[in-house]
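Same order as they appear, the protein sequences are chains A and B. So the first sequence is residues 0 to 271, counted in numbering that gives the first Met the number 0. So the second sequence is residues 0 to 271, counted in numbering that gives the first Met the number 0. Glycine is no exception: its CB is placed at the ideal position from the N, C-alpha and C atoms. Quick caveat, the model's predicted, so the values are computed rather than measured. Before any comments, here is the structure.
Number of protein chains: 2
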Amino acid sequence: MNLEQIISSIKQKKSYLCVGLDTDINKIPKHLLKTADPVFEFNKIIIDTTKDLVIAYKPNLAFYESLGAKGIESLRKTIEYIPNNIFKIADAKRGDIGNTSKLYAKTFFETFNFDAVTLSPYMGRDSVLPYQKFNKWTILLVLTSNESSKDLQYLINDSGEKLFESVIKDSLNWSDNSNMMYVVGANRIKDLINIRKIIPNHFLLIPGVGAQGGSLYDFSIDAMNDNCGIIVNVSRSIIYSDSSSNFDKVVRSKALEVQTIMSGLLRTKGIV
Amino acid sequence: MNLEQIISSIKQKKSYLCVGLDTDINKIPKHLLKTADPVFEFNKIIIDTTKDLVIAYKPNLAFYESLGAKGIESLRKTIEYIPNNIFKIADAKRGDIGNTSKLYAKTFFETFNFDAVTLSPYMGRDSVLPYQKFNKWTILLVLTSNESSKDLQYLINDSGEKLFESVIKDSLNWSDNSNMMYVVGANRIKDLINIRKIIPNHFLLIPGVGAQGGSLYDFSIDAMNDNCGIIVNVSRSIIYSDSSSNFDKVVRSKALEVQTIMSGLLRTKGIV
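Now the structure itself:
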């Protein structure tokens with residue numbers, strides 16, 4: 000999906016919701032454990048019940064890799080099952096030398112049919128460029144929602160700039176808003192205005208709403224641009240909202256609740 | 000394997016060689032493609048022919064993930080095949096929030112039986128701590144061998160310190176040389192003396208010898224400590240040294256060549 004298709008999907012669905020498919024076999028409703036592929040069965044139901052309310056899904060690779068080859072097969076089936084007009088993000092946070100990055104890119108963009116992959120910037124531009132040859136999206140970690148993000152990301156350099164600001168500025172030399180997004184945690188609201196000064200037109204992927212404590216309303220107001228410009232990820236508080244055999248109804252109501260707030264915010268901002 | 004076992008293995012084998020199992024189906028000898036699992040067959044031959052010369056193997060996860068579920072199964076079989084007294088490093092370069100790191104740790108240390116995993120420090124300490132609960136090893140990226148490592152790793156902070164130095168110093172608050180090693184590229188020799196001042200007793204994992212241009216001799220002299228203190232990884236220039244059906248003989252002679260230099264250096268330093 001290109002930039003225009005993402006914006007059009009947001010306007011049409013009145014939503015900028017991404018559901019995180021952090022599917023943990025120990026947390027899914029017990030009746031699914033009897034099926035041949037419980038992880039895929041769970042994802043299938045989540046997708047069926049939310050696909051008109053979301054514009055993106057984001058499987059976190061750790062959850063699939065922890066199950067070995069079987070988990071990778073569940074992931075493959077999940078990606079295949081997601082409708083084409085929904086943005087598919089591999090939450091992988093990779094970052095390696097060029098030779099290896101090329102292989103990871105091939106994995107996420109070809110072996111699996113992801114539209115985007117999250118990357119760590121620690122090894123610099125040549126760990127990112129191989130992904131950009133695929134005419135898809137890279138989503139760079141800049142300011143994450145975890146407590147210890149401050150260990151590195153807030154270090155001040157000798158030009159008085161925070162490290163995450165240097166990461167963004169540096170990346171603007173080798174990408175633009177048609178192939179790069181940035182991860183900014185929902186609880187980093189005080190740095191957001193500054194981030195928006197550096198990148199007014201880029202999309203931000205925002206995790207940390209819900210289980211990690213960020214407020215959807217507060218963040219959206221400051222983070223949105225004229226094209227919406229944000230994709231907000233919610234994982235646990237939607238997908239694990241119920242564990243009964245009718246969990247799909249609760250999941251839908253939780254997703255609908257978030258989408259309704261988003262729809263209101265999109266209207267307030269004059270985007271829809 | 001604990002610190003003492005690693006040191007004892009180095010002394011016994013007169014080697015600090017790690018062979019990188021960056022097994023690419025497009026580069027392995029063609030006659031193996033007829034077998035049911037060419038990636039595992041190749042690794043099996045590499046292991047059989049080098050296991051008395053090496054103290055560690057380091058599969059790079061990208062190469063296995065690029066083949067989907069089948070690649071993960073090849074990886075599982077490879078890890079199972081490596082003898083117990085050889086150190087097994089998952090070159091994964093992960094880094095995620097605590098919840099996800101816990102799952103990755105479970106994956107590498109339990110689902111697969113790795114002894115160590117490489118991690119990116121960008122998200123700070125709580126992306127590393129979950130791995131340390133397993134009484135195994137974490138190997139933190141600090142100064143990598145790729146050209147663009149300078150984009151971030153050499154940024155000077157407001158105390159006049161380079162970013163990679165801050166990463167090392169910070170990590171000393173939550174780890175010691177019994178559970179943490181550091182990745183330092185073989186071509187970063189001019190920073191090595193300074194790194195050894197900060198961490199005289201830690202093991203360093205050194206990639207970038209061979210295909211990436213670093214010199215084994217130059218680096219070893221400056222990097223070694225009284226317990227050797229370095230594990231040097233060589234991948235392509237050993238495993239792809241020949242593509243005939245007798246490739247195992249060439250692979251062995253290449254590995255032996257490196258081990259012979261190492262044996263001499265260990266003697267020069269009075270370690271063996």
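Measuring only between beta-carbons, confirm whether residue i sits less than 8 Å from chain B.
i: A:Arg75; result: yes
i: A:Ser147; result: yes
i: A:Phe41; result: no
i: A:Pro37; result: no
i: A:Lys189; result: no
i: A:Leu20; result: no
i: A:Asn156; result: yes
i: A:Ala89; result: no
i: A:Phe62; result: yes
i: A:Leu140; result: yes
i: A:Tyr56; result: no
i: A:Ala222; result: no
i: A:Asn25; result: no
i: A:Ile96; result: yes
With residue i and residue j assumed to form a contact (beta carbons below 8 Å), what rounded beta-carbon distance in angstroms separates them?
i: A:Pro120; j: A:Val166; result: 5 Å
i: A:Asn156; j: B:Ile197; result: No, A:Asn156 and B:Ile197 are not in contact; Cβ-Cβ is about 19 Å, not under 8 Å.
i: A:Tyr56; j: A:Val116; result: About 13 Å separates the two Cβ atoms, so there is no contact after all.
i: A:Ser100; j: A:Pro129; result: 4 Å
i: A:Asn272; j: A:Ser144; result: Residue 272 of chain A lies beyond the stretch modelled for chain A, which goes from 0 to 271, so this question has no answer here.
Mind checking whether residue i and residue j have CB atoms under 8 Å apart?
i: B:Leu140; j: B:Val127; result: no
i: B:Arg241; j: B:Val231; result: Per the sequence shown, residue 241 of chain B should be read as Asp rather than Arg. Against a cut-off of 8 Å, the Cβ pair of B:Val231 and B:Asp241 comes out as no contact.
i: A:Asn226; j: A:Ile6; result: yes
i: A:Lys105; j: B:Ser65; result: yes
i: A:Phe163; j: A:Leu142; result: yes
i: A:Ile188; j: A:Asp217; result: yes
i: B:Ala342; j: A:Tyr103; result: What the structure shows of chain B is the stretch from 0 to 271, and residue 342 of chain B is not part of that stretch, so it cannot be assessed.
i: A:Thr137; j: A:Asn178; result: yes
i: B:Asp150; j: A:Arg124; result: yes
i: B:Leu215; j: B:Met180; result: no
i: A:Ser272; j: A:Ser236; result: Since the first and last residues shown for chain A are 0 and 271, residue 272 of chain A lies out of range.
i: B:Lys87; j: B:Ile78; result: yes
i: B:Asp247; j: B:Ile44; result: yes
i: B:Leu20; j: B:Ala254; result: no
i: B:Thr22; j: B:Val38; result: yes
i: B:Ser252; j: B:Pro28; result: no
i: B:Glu146; j: A:Ala68; result: no
Determine the DSSP secondary structure at residue i, reduced to helix, strand or coil.
i: A:Tyr181; result: strand
i: B:Asp21; result: coil
i: B:Phe133; result: coil
i: B:Arg93; result: strand
i: B:Asp254; result: The sequence shown places Ala at residue 254 of chain B, not Asp. If DSSP states are grouped into helix, strand and coil, B:Ala254 belongs with the helices.
i: A:Tyr56; result: strand
i: B:Val166; result: helix
i: B:Ala35; result: coil
i: A:Val271; result: coil
i: B:Gly186; result: As written in the sequence, residue 186 of chain B is Asn, which differs from the Gly given in the question. Of the three classes helix, strand and coil, the one that applies to B:Asn186 here is coil, per DSSP.
i: B:Lys26; result: coil
i: A:Thr143; result: coil
i: B:Lys50; result: coil
i: A:Asn42; result: helix
i: B:Val116; result: strand
i: A:Ile275; result: Past the boundaries of the shown model lies residue 275 of chain A; chain A is included only from 0 to 271, so the question cannot be answered.
i: A:Ile198; result: coil
i: B:Val249; result: helix
i: A:Lys13; result: coil
i: A:Leu204; result: strand
i: A:Asn172; result: coil
i: B:Ile155; result: strand
So, is the C-beta of residue i closer than 8 Å to a C-beta in chain A?
i: B:Met179; result: no
i: B:Asn112; result: no
i: B:Ser174; result: no
i: B:Lys105; result: yes
i: B:Glu72; result: yes
i: B:Pro129; result: no
i: B:Arg93; result: yes
i: B:Asn193; result: no
i: B:Gly228; result: no
i: B:Asp150; result: yes
i: B:Ser240; result: no
i: B:Thr34; result: no
i: B:Tyr121; result: yes
i: B:Thr267; result: no
i: B:Thr143; result: yes
i: B:Val273; result: The displayed coordinates of chain B run from 0 to 271. Any statement about residue 273 of chain B would go beyond what the structure contains.
CB of residue i to nearest heavy atom of the ligand SAH: below 7 Å?
i: A:Lys189; result: Because no ligand of any kind appears in the structure shown, any question about the ligand SAH cannot be addressed here.
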